[in-house]
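Same order as they appear, the protein sequences are chains A, B, C and D.
According to numbering that gives the first Met the number 0, the first sequence is numbered sequentially starting from 0.
According to numbering that gives the first Met the number 0, the second sequence is numbered sequentially starting from 0.
According to numbering that gives the first Met the number 0, the third sequence is numbered sequentially starting from 0.
According to numbering that gives the first Met the number 0, the fourth sequence is numbered sequentially starting from 0.
Note that the Cβ used here is the ideal one computed from N, Cα and C, for glycine as well.
Note that this is a predicted model, so its numbers are computed, not measured.
See below for the structure under consideration.
Protein chains: 4
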Amino acid sequence: MIVVMDPGARKEQIDAVVNRLQKEGFDTHLSTGVSRTIIGIIGDKTRLTGLALEAMPGVEKVVPILQPFKLAGREFKPEDTVVKVTPDVHMGGKQVHVIAGPCAVESEQQLMEVAREVKAAGATLLRGGAFKPRTSPYSFQGLEEEGLKLLAAAREETGLPVVTEVMDVRSIPLVAKYADVLQVGARNMQNFFLLKELGRIDKPVLLKRGPAATIEEWILAAEYIMSEGNYNVILCERGIRTFETYTRNTLDLSAVPAVKRLSHLPVIVDPSHGTGKWHLVAPMAKAALAAGADGLMIETHCRPAEALSDGQQSLTPENFAEMMTELREIAKVLGKEIGGGKQ
Amino acid sequence: MIVVMDPGARKEQIDAVVNRLQKEGFDTHLSTGVSRTIIGIIGDKTRLTGLALEAMPGVEKVVPILQPFKLAGREFKPEDTVVKVTPDVHMGGKQVHVIAGPCAVESEQQLMEVAREVKAAGATLLRGGAFKPRTSPYSFQGLEEEGLKLLAAAREETGLPVVTEVMDVRSIPLVAKYADVLQVGARNMQNFFLLKELGRIDKPVLLKRGPAATIEEWILAAEYIMSEGNYNVILCERGIRTFETYTRNTLDLSAVPAVKRLSHLPVIVDPSHGTGKWHLVAPMAKAALAAGADGLMIETHCRPAEALSDGQQSLTPENFAEMMTELREIAKVLGKEIGGGKQ
Amino acid sequence: MIVVMDPGARKEQIDAVVNRLQKEGFDTHLSTGVSRTIIGIIGDKTRLTGLALEAMPGVEKVVPILQPFKLAGREFKPEDTVVKVTPDVHMGGKQVHVIAGPCAVESEQQLMEVAREVKAAGATLLRGGAFKPRTSPYSFQGLEEEGLKLLAAAREETGLPVVTEVMDVRSIPLVAKYADVLQVGARNMQNFFLLKELGRIDKPVLLKRGPAATIEEWILAAEYIMSEGNYNVILCERGIRTFETYTRNTLDLSAVPAVKRLSHLPVIVDPSHGTGKWHLVAPMAKAALAAGADGLMIETHCRPAEALSDGQQSLTPENFAEMMTELREIAKVLGKEIGGGKQ
Amino acid sequence: MIVVMDPGARKEQIDAVVNRLQKEGFDTHLSTGVSRTIIGIIGDKTRLTGLALEAMPGVEKVVPILQPFKLAGREFKPEDTVVKVTPDVHMGGKQVHVIAGPCAVESEQQLMEVAREVKAAGATLLRGGAFKPRTSPYSFQGLEEEGLKLLAAAREETGLPVVTEVMDVRSIPLVAKYADVLQVGARNMQNFFLLKELGRIDKPVLLKRGPAATIEEWILAAEYIMSEGNYNVILCERGIRTFETYTRNTLDLSAVPAVKRLSHLPVIVDPSHGTGKWHLVAPMAKAALAAGADGLMIETHCRPAEALSDGQQSLTPENFAEMMTELREIAKVLGKEIGGGKQ
């Protein structure tokens, strides 16, 4: 971290900053320029975040230099993390996994039907919401435990491991009982109590990026989970909020290679929420793969027009299968493969 | 709601939409234009949100016409809501209340000292964080119950009712035991389980706007609380996330008169988080008052440079007192008054 | 367009809106719902934009239904436009063209060297700035006509047609004398006098998306050029401005399939400006291709560290050649090819 | 400026950066931390912007320390600039000026009528557009020179100096012939050729903030004008583009005290474009005044519902007069006054 003093900062103000830092155990080095003094700080930078140096008299600004994360950072662990969901499904390596299924679990028939279809087309994980975060309290809120049971039954039949969202600290044990991967939704990305509790379970966590979260804040949210002991975190880009209204969100695919540079964690992409329009899903899924994503999450529904939520962004099984064929071709030239040989 | 069909939509596609709507109990009226057919929908619009009409063949888009909220909306209740925090402190009427205190409760001495100062300068509620949401897991996380006890002690001495944040559903009973107003932080604005639980208590809730939340989504979050029975919701604008980096957030003061038009709930402003720079707090507090805010929330610390969090945006007691003097003058010409006569 | 009246709108207010519309030659149809009246409008909608219906008493809002563009819209012209830059270089068809070269033309040697390199690696157009839009007046502003002459000389030697920016209406004749494609920079996307003048020349125009422009506004800027008679417009996505600061802009690749649905014009992508970091350029170029882009624009410099502008986002010839190899593979599986057979 | 090297940067990479800087005439100071080396740079920082240090091997990032502007900066000139529009109208001092009038000049009657009204209510400058920048080429584009003549005639009658927009470098002489203050519209804030030409005239320039411009870029645009010799620049905040759609833009009132800290130039606010809704104009005008604005720009029309543009955000003369009464009261308690004593 570097402290930039005001052009008119007095010597005693500069001394006060230096003394404060030394009292806290940091080494400092001063550099006196033509118009201003700059104070560099040496020591364990993570301890600095609590000091409100910008509030000290004569300080113009404090400029962070280092990445604020440790466990999630590539500096800390240079090699890629591979999250082992099951013995066959590893996220973060050569295999690119496609997680597919409906936005919400609505009924046994709806789920089983689509689960069979996506399995047949090459999906290697099943998604489906049992607890649904909805902007309006009057929208469908999910089947809750009944939905979890249906997901487990679908896994039983298809062999596909299950990814589902947990919204509430109190229901972590319940969701963990049925799910293979616990998803943190975008709106909960900075629900720190939820993150900490998920750091204490032994199942992988899929952490969606918040709609207003920078890449750095997103990786720091992963750090919350990891700092409690659970290192199996999969990041999921799902679009950020911008002024553009044609799409539901603006899918930030640059975040994929950016995260890969900053962190060792696997990163996947959800073009369904990222675009909000089914006809943009396949092009953006292909783009995500080409940008280096380790996986994709695709909303699929046998009859989108009857879906209880997000029908307008869901693919039909036919569209899904067509997209999978194209993805396989692209994966091949990238030296990757969709799903695993054993599936 | 209005359904706009594709220019090339076929008659059977139009019929299918109409049939679906009629099956769900809605009346429809068709309007056939030069290039497109438009279907208007009559009936209880809140039931429409679950239908994924945009996923039906031939549909170009669905245009919502009505506000999606009920209990929080001014159409539902035209007169202003006044939230009675204590017999003397009413939010939403002629009195403009200033909530002041430190970002985080750090120690008995720190809290008592600043509580006495803000009381003397005219603050009518005390704020202070016992549970702190921090971007990094390595930052100070708050004193927890010890902090709540100190807040209660400060109320005991100063008579100021206490506003403090609750971050976790599990700690609602604990926080409610000590606090007069429970605050939902910006990052939790769409933590729907937390909102629902707060809808079942009998204390006022201060609901901060999320950094990526539209005004409509913010009022819908209040609707979550109200739909469970708690009508005492105070909205708090605290800045949204934009491309501008000079300020921590972009304080959206237009939201104040906008909320007043759409909703009957009181709305206050937090210029400390809204700007992130102490020297912008007083000008923006005055601006918020002039824009029609029912209250202000101001971070204050006796020694900002030693604060464990947010020191750079905290006022000293001297700056706070000076600001209060200016606010009193402006309030007078607006036909309002700062704090209450009985304080 | 649809006019939504206030819940409390009186009959004479509704009549006033209907009368005004009929006076202007529109047919209207009224629909009286439970809480509100809605007025649909039939006729030539483009004439409606001038009427400030929202300012009439009793009007709550006006909801546009149709796309506001004509000549640029796919409804107007369903088949893809192919812009013929030269007999060999057609933008918008099966061939995907890569435009490469330095951000700014700096010297004969610098330009010739990189022009030969990108030609050898498969680029089919040469880019280079002679007039440079710079945020600070103290930054390098370009070689002006001298730069244009160097570009023409580089075309002479390599055969690559030249794309270069025109910033000022007064220099259109000069730039048009040397360039094959005239580029409108992002900051000038709504410089309407410049757009209109470019509508009167007979060379193709490359129109970059403004950093705060919606997809609709971008296509309307193309409409400005087309409405003056020049139909040879190529759209170029180059990132929008968001809160994310890790990248220079947020490259909005969803805009590629979105534009293809709304418009018949070719659309290319500039991942150099879109990301601002050279190490993100190749992944995002591949992603753009997979998303359906008709071309790419890549900043390339033989010694990026010595570049007078944008060095941090420029590829070296080696990185460029490597990226081209990967792009060729992906193009193949997409049924496209990079550059033309004759190159 | 500070250069932060990669954790793994080699000694020869560090030496290369230092050598390059020394060759360019800068002094450097090295600071070797636990994980990284940081290079501080001493010398004339404005010359650094051309060097692409981030493109050099081993460099992680370059962190700017100083403000990039000179003439417009408060460090360069600590006392406030007062722009003298006429002997009676000075912008930037104790008097707060209200610029009022229609969005577009439509006819002699329309302009004269509203000019008399706003003059009577206390406006001290008249605004009106003769050249209109419109998103669609099919919208009303202004009366051009005829409009300028009408503005001059209105000044003749009312004595109000005229503010009007210039969109095209070629029409600067024409606009300067009729106007007292030349306005640069938001979409042209980075039309650098226009800015430079306006730097060579001897009339004040009103520079609107671009919808995607940071405060720093806005002041740099003023620097473009000033660097050519015209120091009479008035800044105008008019809202930035964000995800919020209830308002046309998000009026960033924090920019007022922020600009006052960074620059000595006067800054005014346009709540009409900033909000896009007439019922938000008066509250935000009052807020802007309280935040410290040196003036206001208010769209006013005698019959907003018949306005050829922006009717929905225009005040009627009655609303305008009522707002002026409130502004006068607030100005008084702020130690300022609306308009001038002689008006």
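Asked	Found
Members of the region 315-341 of chain B that neighbour chain A once the beta carbon cut-off is set at 9 Å	none
Of the listed residues C/GLU11, C/GLY158 and C/GLN94, nearest to C/ILE267 (C-alpha basis)	C/GLN94
Exposure label - A/PHE68; buried when at least 16 CB within 10 Å	buried
Runs of beta strand (DSSP E) wholly within the region 239-317 of chain C (minimum 3 residues, chain order)	266-268 and 294-298
Residues sharing a beta bridge with D/GLU78, DSSP	Bridge partners of D/GLU78: none, in fact.
Cα-Cα separation between A/VAL208 and A/ALA185, rounded to whole angstroms	At residue 208 of chain A the sequence reads Arg, which differs from the Val that was named. Those two C-alpha atoms are separated by around 5 Å.
Chain D within 7 Å of B/MET283, Cβ atoms only	yes
Beta-carbon neighbours of C/GLY310, restricted to chain D and to distances below 9 Å	LEU50, ALA51, LEU52, GLU53, ALA54 and MET55
Contacts that A/ILE1 makes with chain D (C-beta to C-beta distance below 7 Å)	ILE1
Segment limits, alpha helix (DSSP H) that includes A/GLY146	144-157
Residues near D/LYS60 in its chain [Cβ-Cβ closer than 6 Å; skip 5 each side]	VAL3
For C/PRO256 and A/PRO282, believed in contact at Cβ under 8 Å, the rounded distance	4 Å
Coarse secondary structure for B/ASP5, derived from DSSP in three states	coil
At least three beta-carbon pairs within less than 8 Å, the region 273-280 of chain A to the region 79-91 of chain A	no
Close Cβ partners of A/ILE21 (< 7 Å) along its chain, the five nearest in sequence each way excluded	The question names Ile, but residue 21 of chain A is Gln in the sequence shown. Correct list, in chain order: THR27.
Same chain only: Cβ atoms within 6 Å of C/ASN229, ignoring 5 sequence neighbours per side	GLY198
Secondary structure of B/LYS60, DSSP reduced to three states	strand
Secondary structure of B/MET225, DSSP reduced to three states	helix
Among A/ALA119, A/GLN108 and A/ALA71, nearest to A/LEU234 - alpha-carbon criterion	A/ALA71
8 Å Cβ shell around C/ALA211 - same chain, five flanking residues per side excluded	ILE239 and ARG240
Which listed residue (C/ALA306, C/ASP309 and C/PHE75) has its alpha carbon closest to that of C/LEU264	C/PHE75
Beta-carbon proximity of B/ALA152 to B/TYR177, cut-off 7 Å	no
8 Å contact criterion, which B/HIS96 and B/GLY294 should meet: CB distance rounded	4 Å
Opposing strand residues paired with B/GLN108 [DSSP bridges]	DSSP, once it has assigned bridges, lists no residue as partnering B/GLN108.
Per-residue burial, D/THR324 [other beta carbons within 10 Å of its own, 16 or more giving buried]	exposed
Burial state of B/LYS118, where buried means 16 or more other Cβ atoms lie within 10 Å	buried
Distance CB(D/LEU149)-CB(D/VAL104) smaller than 7 Å	yes
Where the alpha helix (DSSP H) through B/GLN12 begins and ends	10-22
Helix, strand or coil at B/ALA178 according to DSSP, with G and I counted as helix	coil
A/CYS235 - DSSP class collapsed to helix/strand/coil	strand
A/GLN312 versus B/THR249 - alpha carbon distance	31 Å
Near-chain C residues of the region 5-19 of chain B (beta-carbon distance less than 8 Å), N- to C-terminal order	PRO6
Where A/HIS272 meets chain C, residues with beta-carbon distance less than 7 Å	Within 7 Å Cβ-Cβ: nothing; A/HIS272 doesn't reach chain C, min ~12 Å.
Beta-carbon spacing of C/ALA220, C/ILE200 below 7 Å	no
Coil, strand or helix - A/MET0 by DSSP	coil
Other residues of its chain near A/GLU156: CB distance less than 8 Å, five sequence neighbours each side excluded	MET111, ALA114 and ARG115
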